[in-house]
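Protein chains: 2
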Amino acid sequence: MLPRGRRRALGAATLLLLVVVVVGFFLFGRDPEYGLQAAATLDGDPYGSRNRSTSNLQPLLPPKCELLHVAIVCAGHNSSREVITLVKSVLFYRKNPLHLHLVTDAVARSILETHFRTWMVPAVAIRFYDAEELKPLISWIPNKHYSGLYGLMKLVLPSILPLSLARVVVLDTDVTFSSDIAELWALFAHFSDKQVIGLVENQSDWYLGNLWKNHKPWPALGRGFNTGVILLRLDRLRQSGWEQMWKLMAKRELLTLQATSLADQDVFNAVIKEHPELVHPLPCVWNVQLSDHTLAERCYLEAADLKVIHWNSPKKLRVKNKHAEFFRNLHLTFLGYDGKLLRRELFGCPSQLPPEAEQLQQAMAQLDEAEPCFEFRQQQLTVHRVHITFLPHRPPPPRPHDVTLVAQLSMDRLQMLEALCRHWPGPMSLALYLTDAEAQQFLHFVGTSPVLSARKDVAYHVVYREGPLYPVNQLRNVALAQALTSYVFLSDIDFLPAYSLYDYLRASIEQLELSSLKQKVALVVPAFETLHYRFSFPNSKAELLTLLDAGSLHTFRYHEWPQGHAPTDYARWREAQAPYRVQWAADYEPYVVVPRDCPRYDPRFVGFGWNKVAHIIELDAQEYELLVLPEAFSIHLPHAPSLDISRFRSSPTYRDCLQAFKEEFHQGLSRRYGAAALKYLTALQPSQSRA
Amino acid sequence: MLPRGRRRALGAATLLLLVVVVVGFFLFGRDPEYGLQAAATLDGDPYGSRNRSTSNLQPLLPPKCELLHVAIVCAGHNSSREVITLVKSVLFYRKNPLHLHLVTDAVARSILETHFRTWMVPAVAIRFYDAEELKPLISWIPNKHYSGLYGLMKLVLPSILPLSLARVVVLDTDVTFSSDIAELWALFAHFSDKQVIGLVENQSDWYLGNLWKNHKPWPALGRGFNTGVILLRLDRLRQSGWEQMWKLMAKRELLTLQATSLADQDVFNAVIKEHPELVHPLPCVWNVQLSDHTLAERCYLEAADLKVIHWNSPKKLRVKNKHAEFFRNLHLTFLGYDGKLLRRELFGCPSQLPPEAEQLQQAMAQLDEAEPCFEFRQQQLTVHRVHITFLPHRPPPPRPHDVTLVAQLSMDRLQMLEALCRHWPGPMSLALYLTDAEAQQFLHFVGTSPVLSARKDVAYHVVYREGPLYPVNQLRNVALAQALTSYVFLSDIDFLPAYSLYDYLRASIEQLELSSLKQKVALVVPAFETLHYRFSFPNSKAELLTLLDAGSLHTFRYHEWPQGHAPTDYARWREAQAPYRVQWAADYEPYVVVPRDCPRYDPRFVGFGWNKVAHIIELDAQEYELLVLPEAFSIHLPHAPSLDISRFRSSPTYRDCLQAFKEEFHQGLSRRYGAAALKYLTALQPSQSRA
């Protein structure tokens, strides 16, 4: 160890050296707001303990409230999930407004548009760019990398991003932030006048070549650079003819190499090999690469602080390396992080809420906390973050009489999904009410179920939990809005349809010529229930009637709530050979098949009670004819009472609030349907309400 | 705006000034490793945009791997929960090893000791100090603050912490970190030679006085200082006779003031008023105080970055102020954060795992991922983080024949708790398998239930979720270990005991003189089941028999798994007037009452199957006599099949692994009980196993 005085002198000398650099920078550099940070290579040193005192001096950040631009290419269902996790990690640490430039295919666009619209994070602007339009620009490059054509699109960003945009941070979907992105943005200030691309060295020996026989990588400077995190000076790239430059280089290399192995990264490296003056090397901590044969350990064992983790193995989180667990934990933090907590305003920056969010905030502020139904009203107003088609989904080919089963569920009903898939071979649109962490469990659940993994015609839409009451009708509306067939079967998750129901419904719709009828029709599927855990599901109406007579089956809620299904007229159904019409009556809540454009559910009914009843009233008010199908049936399986029904039973306030909402619903009906709505009001007797 | 050249020159000048300070510091300062940061007061400026360029220059951090010391005073169940959330926030951002010095009462010690032992976070050392012993040192000070005597204990820390300890960060339990604690530690380096206490100014007008008629606060310098976050130079405090100093001051003020209003804070401020040279003012962001009348906005609207949030209103998170939502979101991040993700090693620092954690890591590393039962074996080895007595708990007074109901549950069975409380008026010890986020939902659930809130004799032990299989027997063992009565009723959460069962069991234990018997006895409580959601619970054995004959009740699992309870001999029970002995038979799994020191459950049975069966075998092998009680009964309520039973049914691997574990269990039995265990092996017929 050095004597204390000597150490001090050394420290002072180092610092003075630093000072000269910094002062020079302030006097002659381009961007006086920013500070400095040394770059690093794997074989050089400067991120380790040796220069710890300088690396600890963090860069000056961009000015408060400066807008930072980020570009991401994203296609498909799985990458869309990745982008959300990446954005969560960025938002968690950020202190600046952000503008995200998302290059997406149609699938990712529809998912991310819904997600960001419902997320309502302050000070985040989004702009979409159509990846389809970019394909001709890069499809001439043969590419062996798993990212396909989309990987190559980073090359054309300077051409497609707005001309007014001078700088952008470009991110792969498989990176996770562990620090404030403003620190990365601040590194633009260290670019020399010639430098246009900021990159971290590649943390593997790939570009050194000779990893195996005939391994011939694209040309690169030393180990080359990794393009998972890029700082682009768009203004200078445009000026310097970037488009010509990379195309020329790619064409030249493709004369001898058959394709890119690592997509855009090969081309970037070829350009840099030829023009090393273009690259500004970034410190290794800004792109810690976790492939199977990573050399990243050289970076992170010495570094004080990791900034960005890059899961650049096709195995992603399942990659094997000594410290994978550590990095997984950082990533899992954001996978499971409750996205609603990121709706944080940026203090001291001008408010940047979208208009809907502004309105919502005002409406929430006007609620009276002392009012007994406050919790309900708050829940009714809540806008839940929605991630549509959370898993890969292949919509069924369009068929005029096709029917989608629509239902909603939370975590405690996941075990119904396999049985449901066995009973309903057709398309389904299911809304799942989950926390972010539960959504990950759900992913695992589907992944380990061969039955569920095989079904690409089931669309799962995650609605993120917020508030104490189950937003049953909002969930139904999400699932309904995402159904893609002409007809929908509005079911509940605890029901298993007859094995033949899907085919039978399609045949019935065709035979009844529903699509050509002037009269709107709702086909009623009679509902039954079993009280047994194990239970042999009837294969036909005849078998069902036998079980009914034996007392193993009952008509649904016969003991507790007969009026819910009484108008279906089970006695008539027993004998029926043809569809028959039934009349609405108070509290009727059958399971029905209706056209996709049917009325939405009333979102004021949250928690337990009246959520389906109100919808059937709406159908009746819009003069849907209720037609019971003679061979259709669906059976409810037993489960423990929900928390909401328990609360309803034990809380007089709960019941009073439900009563109040019923009355408000009826006032709405009167406004919309006038005298015709009088019959519903007459039928409403408070004493009849469920207790 | 200044012209560009002028701005540069100014920047350079500022920087040069800064450099002189820093270099001077390196040459002449005490701690060459550390950097600098300006302090701030509410009416002064220096945290805002005006000096942004310097405040953006973050302090140099302490050397990598330097051990940081933190002291916290904590008493009772609620503060123990707070401490865990605080520590989570510290661990999330920390990059240094930590030593926590916890001054605790007996309750907090037992909770936190278990919690940290099972948490196994690398590079965190814990030392406990008995608050009981400190009481005489401060109990002479009358205190009106809600923290009671414990609040005052911060005053005596210099006397009780180890003499070798020169510096410590002292934290209230109600603060949340939003940054690396090393940055706070680094501020020690800015203390002048005289300064011994680092504090943030109080962000309210309290100490200015005259807030209302006769409001007479303790003396303070201006607005005074807040003691939620303190940097203490213990070495200098001890040298300067701190103990005499604060006692003298407190005694003097108590001549005119009757008591402290804000505990230790009043005394600290009185001392500082007299000796202003002792205090080193810290930047306001290190203790952003969120009381109802906070002035903190002046701090955080200007600051680039908040470091520590202090919930210093008795209302805590329910405090009302304009930006409460923002701060709540930061806090909720850590309330719901999955604690196991904080088991991150510190790269480049010597490993600091406790020996058990080291062993566990080795055992885990030896598992073969390719083995079909890998997932099970991993689950069996998993050490779950455990938070015992998560809610306030008052153990029942010791009574020799008392019985605690022991059970375990997860989130989907919360709705059973109220009914269970109505059926069992005695003590309960319940293990809850939850995520951190679910534990918060559980807290809310109990808080809104008058039935549950009223019961202080129910102890809830949270076992944090980890891994895909339900660790049913580990949960049972946690609940069993925490039972405080001589006897335990080993039940399951889906069962409701007869209303009279608690009294009847105590009477039976007394009458049978169980405690004086040489023979060990397990009292069998016969199990029944209903398949109906709504169900009128029988008030007596006679009523139960009527329901049984009417077919509304069945003996438990009569249809699916009769051998589970067959030996109870229900026919004999119908007629029995006195307890009768029954013999063990294969697959018997009755619900029993046993002494608290009974054998533990075998943790190898995770997920579904054989978890109780193995325990009953163990009782039989230890020659417990099985005695059926003629008036005891318990009834199982319907619920949907669990995920684990679904997996068991659908996965051959699951069934094969269970079979393998049964065999391993039997090998263990043979080793422990020799030839006596042969009968269990003989009885084990693979074909009999559940399918």
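Chains as they are written, first to last, in this note's numbering: chain A, 1199 to 1889; chain B, 1199 to 1889.
We put the CB at the ideal spot given by N, CA and C, even for glycine.
- [ ] From the DSSP output, in three-state form, read off Gly-1872(B) for me.
- [x] Helix.
- [ ] Mark Glu-1567(B) as exposed unless 16 or more other C-beta atoms lie within 10 angstroms of its C-beta, in which case mark it buried.
- [x] Here Glu-1567(B) is exposed, its C-beta having fewer than 16 other C-beta atoms within 10 Å.
Open item on the list: Tell me which residues share the same chain as Gln-1559(A) and place their Cβ nearer than 8 Å to its Cβ, disregarding the 5 neighbours each side in the sequence.
Closed with: Cβ neighbours of Gln-1559(A) beyond the five flanking positions: Leu-1551.
Open item on the list: Beta-carbon within less than 8 Å of Ala-1875(B)'s beta-carbon, same chain only, minus the 5 sequence neighbours each way: which residues are those?
Closed with: Ala-1819, His-1864, Leu-1867 and Ser-1868.
Task: Candidates Ala-1494(A), Pro-1320(A) and Leu-1721(A), of which the one nearest Pro-1553(A) by Cα - done: Just measuring C-alpha positions, the residue of Ala-1494(A), Pro-1320(A) and Leu-1721(A) sitting nearest Pro-1553(A) is Pro-1320(A).
- [ ] Can you pull the chain B residues whose beta carbon is under 9 Å from the beta carbon of Glu-1543(A), in chain order?
- [x] The contacting residues are His-1521, Glu-1523 and Phe-1524.
Task: Reduced DSSP secondary structure (H/G/I, E/B, other) of Tyr-1702(A) - done: Tyr-1702(A): helix per DSSP, three-state reduction.
Open item on the list: Among Val-1661(A), His-1621(A) and Thr-1880(A), whose alpha-carbon lies nearest the alpha-carbon of Thr-1587(A)?
Closed with: Nearest to Thr-1587(A) by alpha-carbon distance, out of Val-1661(A), His-1621(A) and Thr-1880(A), is Val-1661(A).
Task: Within 8 Å, strictly: CB atoms of Val-1826(B) and Val-1722(B) - done: Judged by their CB atoms, Val-1826(B) and Val-1722(B) are nearer to each other than the 8 Å cut-off.
Open item on the list: Which complete alpha helix (DSSP H) runs does the segment 1272-1299 of chain B hold, if anything under 4 residues is left out?
Closed with: Fully enclosed alpha helix (DSSP H) runs of 4 or longer: 1274-1291.
Task: In chain order, each beta strand (DSSP E) run of at least 3 residues that lies wholly inside the segment 1710-1761 of chain B - done: Considered as a whole, the segment 1710-1761 of chain B harbours 1719-1723, 1725-1728 and 1751-1753 as its complete beta strand (DSSP E) runs of no fewer than 3 residues, in chain order.
TODO: Anything in chain E within Cβ reach of Glu-1441(B), meaning under 7 Å, just list it in chain order.
DONE: The question asks about chain E, but that chain is absent: this structure's protein chains are A and B.
TODO: May I have the straight-line CA-CA distance separating Leu-1335(A) from Leu-1480(A), to the nearest angstrom?
DONE: The alpha-carbon atoms of Leu-1335(A) and Leu-1480(A) are separated by roughly 29 Å.
Task: Alpha-carbon to alpha-carbon, Arg-1436(B) and Tyr-1344(B) - done: Their Cα atoms are separated by approximately 29 Å.
Open item on the list: Can you confirm whether Asn-1485(B), when its beta carbon is compared against all beta carbons of chain A, has any partner nearer than 8 Å?
Closed with: Asn-1485(B) does not count as touching chain A.
TODO: Please state if the CB of Leu-1332(B) and the CB of Met-1351(B) are separated by a distance shorter than 8 Å.
DONE: Yes, the Cβ-Cβ distance between Met-1351(B) and Leu-1332(B) is below 8 Å.
Task: Proximity test, Cβ basis, 8 Å: Ser-1251(B) and chain A - done: At Ser-1251(B) the pLDDT is 34, less than 50, meaning the model places this residue with poor confidence; the figure from the coordinates comes in the next sentence. Taking Cβ atoms only, chain A reaches closer than 8 Å to Ser-1251(B), which makes this a yes.
Task: Close Cβ partners of Tyr-1700(B) (< 6 Å) along its chain, the five nearest in sequence each way excluded - done: Cβ neighbours of Tyr-1700(B) beyond the five flanking positions: Trp-1622, Pro-1623 and Gly-1624.
TODO: Determine the chain B residues that contact Leu-1502(A) at a beta-carbon separation under 8 Å, and present them in chain order.
DONE: Checking the displayed sequence, the identity of residue 1502(A) turns out to be Ala instead of Leu. Listed by position along chain B, the residues whose Cβ is nearer than 8 Å to that of Ala-1502(A) are Leu-1259, Lys-1262 and Lys-1293.
Task: Short CB-CB distance (under 8 Å) between Asp-1229(A) and chain B - done: The pLDDT assigned to Asp-1229(A) is 32, lower than 50, so where the model puts this residue is not dependable; a value taken from the coordinates is nonetheless given after this. For Asp-1229(A), the answer is no, since every Cβ of chain B falls outside 8 Å of its Cβ.
TODO: For chain B, find out if any of its Cβ atoms is closer than 8 Å to the Cβ of Asp-1610(A); answer yes or no.
DONE: Chain B, which has a Cβ nearer than 8 Å to the Cβ of Asp-1610(A), makes this yes.
- [ ] Indicate whether at least one CB of chain B lies closer than 8 Å to the CB of Gln-1613(A).
- [x] It does: the Cβ of Gln-1613(A) has a partner Cβ on chain B nearer than 8 Å.
TODO: Output yes if chain B places a C-beta closer than 8 Å to the C-beta of Pro-1283(A); else output no.
DONE: A quick correction: the sequence has Thr, not Pro, at residue 1283(A). No, Thr-1283(A) lies away from the interface with chain B (no Cβ there is under 8 Å from its Cβ).
TODO: Can you tell me which of the three DSSP states Pro-1695(B) falls into?
DONE: Under the three-state reduction of DSSP output, Pro-1695(B) falls in the strand class.
Open item on the list: I'd like to know if the segment 1473-1491 of chain B and the segment 1391-1402 of chain B are in contact, where contact means that at least 3 CB-CB pairs between them fall below 8 Å.
Closed with: Yes: at least three Cβ pairs fall under 8 Å.
TODO: Kindly say whether Leu-1827(B), judged by its beta-carbon, lies nearer than 8 Å to any beta-carbon of chain A.
DONE: For Leu-1827(B), no Cβ of chain A is located within less than 8 Å of the residue's own Cβ.
TODO: Return yes when the Cβ of Thr-1602(B) is within less than 8 Å of the Cβ of Thr-1683(B), no when it is not.
DONE: Result yes, Cβ atoms of Thr-1683(B) and Thr-1602(B) sit closer than 8 Å.
TODO: Determine the chain B residues that contact Thr-1531(A) at a beta-carbon separation under 9 Å, and present them in chain order.
DONE: Within 9 Å Cβ-Cβ: Phe-1290, Tyr-1535, Asp-1536 and Leu-1539.
Open item on the list: Give me, in chain order, the residues of the same chain whose beta-carbon lies closer than 7 Å to that of Thr-1766(B); leave out the 5 immediate sequence neighbours on both sides.
Closed with: Within its own chain, the residues whose Cβ lies closer than 7 Å to the Cβ of Thr-1766(B), once the five positions on either side in sequence are excluded, are Val-1722, Pro-1724, Val-1780, Pro-1788 and Val-1826, listed in chain order.
Open item on the list: Please list, in chain order, the chain B residues whose beta carbon lies closer than 7 Å to that of Val-1652(A).
Closed with: According to the sequence displayed, residue 1652(A) carries Ala and not Val. For Ala-1652(A), there are no neighbours in chain B by C-beta distance under 7 Å, as the nearest C-beta there is about 14 Å away.
- [ ] Note down, one range per segment and in chain order, each beta strand (DSSP E) of at least 3 residues found wholly within the segment 1480-1549 of chain B.
- [x] For the segment 1480-1549 of chain B, the full-length beta strand (DSSP E) segments reaching 3 residues or more read 1506-1508 along the chain.
Open item on the list: Which of the three DSSP states is assigned to Gly-1328(A) in this structure?
Closed with: The sequence given here has Asp at residue 1328(A), not Gly. Asp-1328(A) sits in a strand when the DSSP states are folded into three classes.
Task: Backbone secondary structure at Asn-1412(A) - three-state DSSP - done: In this structure, DSSP gives Asn-1412(A) a state outside helix and strand, which the three-state scheme calls coil.
TODO: Could you tell me which chain B residues have their CB closer than 9 Å to the CB of Thr-1633(A), listed as they occur along the chain?
DONE: The answer, in chain order, is Gly-1534, Thr-1633, Ala-1635 and Glu-1636.
Task: chain B contact residues for His-1730(A), given Cβ-Cβ distances below 7 Å - done: Within chain B, Leu-1729 have C-beta atoms less than 7 Å from the C-beta of His-1730(A), given in sequence order.
Open item on the list: Taking only three categories from DSSP, how would you classify Gln-1463(A)?
Closed with: The answer is helix: DSSP assigns Gln-1463(A) an H, G or I state.
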